Amino acid sequence: PKITYVSHDGRAATVEVPVGENVMHGALYNGVEGIAGECGGAPSCATCHCYIDEAWAATVGGPANDVEKELLEAAACEVKPTSRLSCQITVTDDLDGLIVHLPETQF
Ligand code: FES
Numbered sequence: 002p003k004i005t006y007v008s009h010d011g012r013a014a015t016v017e018v019p020v021g022e023n024v025m026h027g028a029l030y031n032g033v034e035g036i037a038g039e040c041g042g043a044p045s046c047a048t049c050h051c052y053i054d055e056a057w058a059a060t061v062g063g064p065a066n067d068v069e070k071e072l073l074e075a076a077a078c079e080v081k082p083t084s085r086l087s088c089q090i091t092v093t094d095d096l097d098g099l100i101v102h103l104p105e106t107q108f
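Numbering-wise, full-length UniProt numbering comes out as the position in the sequence shown, counting from 1, plus 1.
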């Protein structure tokens, strides 16, 4: 599936991410800047914060769950209703075309 990562200043990078991987690794393994993923997806860091494109909110499983919400309190940038931890989103064929927006900074 192809995932498009859009930086805070509007630069878009579309990369192929294997099914079973997560959206955080999809950025890291393809050199997409804007996601840090310091904890490796434990999850315990919130440096993989992203904003799911509105059109994809339901397909990725809805808003952040309680564990994500708690960690997002430590996120560097504003937390919005579309905020998710990208390491908690597993890539499936249904996510082909997914668009995620990246915050200005993870720290
Ligand atoms: Fe640390 Fe997602 S990579 S919470």
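Glycine residues also receive a C-beta, built at the ideal position from the N, C-alpha and C atoms. All figures in this text were calculated on a predicted structure; none of them were measured in a lab.
Tell me the residue span of the beta strand (DSSP E) that contains residue i.
i	result
residue 9	Careful: residue 9 lies outside any beta strand (DSSP E) and carries neither H nor E.
residue 101	99-102
residue 34	From DSSP, residue 34 is part of no beta strand (DSSP E); its letter is neither H nor E.
residue 68	Run containing residue 68: none in the beta strand (DSSP E); it sits in the alpha helix (DSSP H), 67-73.
residue 86	84-86
Please classify residue i as buried or exposed, where buried requires at least 16 other C-beta atoms within 10 Å of its C-beta.
i	result
residue 28	buried
residue 106	exposed
residue 44	buried
residue 23	buried
residue 38	buried
residue 69	buried
residue 20	exposed
Using only the alpha-carbon positions, how far apart do residue i and residue j sit?
i	j	result
residue 2	residue 74	30 angstroms
residue 96	residue 78	25 angstroms
residue 8	residue 36	10 angstroms
residue 92	residue 4	9 angstroms
residue 89	residue 32	19 angstroms
residue 40	residue 26	12 angstroms
residue 56	residue 84	13 angstroms
residue 65	residue 87	10 angstroms
residue 67	residue 108	21 angstroms
Hey, could you find the ends of the alpha helix (DSSP H) residue i is sitting in?
i	result
residue 13	No alpha helix (DSSP H) contains residue 13, which is instead part of the beta strand (DSSP E) from 13-17.
residue 38	Run containing residue 38: none; DSSP gives neither H nor E here.
Practice prompt. Take every Cβ of the region 50-68, pair it with every Cβ of the region 92-101, and state whether three or more of those distances are shorter than 8 angstroms.
Written response: yes
Discussion item. Any residue with its Cβ nearer than 7 angstroms to a heavy atom of the ligand FES should be included. What is that list in chain order?
Written reply: 25, 38, 39, 40, 41, 42, 43, 44, 45, 46, 47, 48, 49, 72, 86, 87, 88, 89
Practice prompt. Say whether the region 11-19 touches the region 45-54, bearing in mind that this needs 3 or more beta-carbon pairs closer than 8 angstroms, one atom from each stretch.
Written response: no
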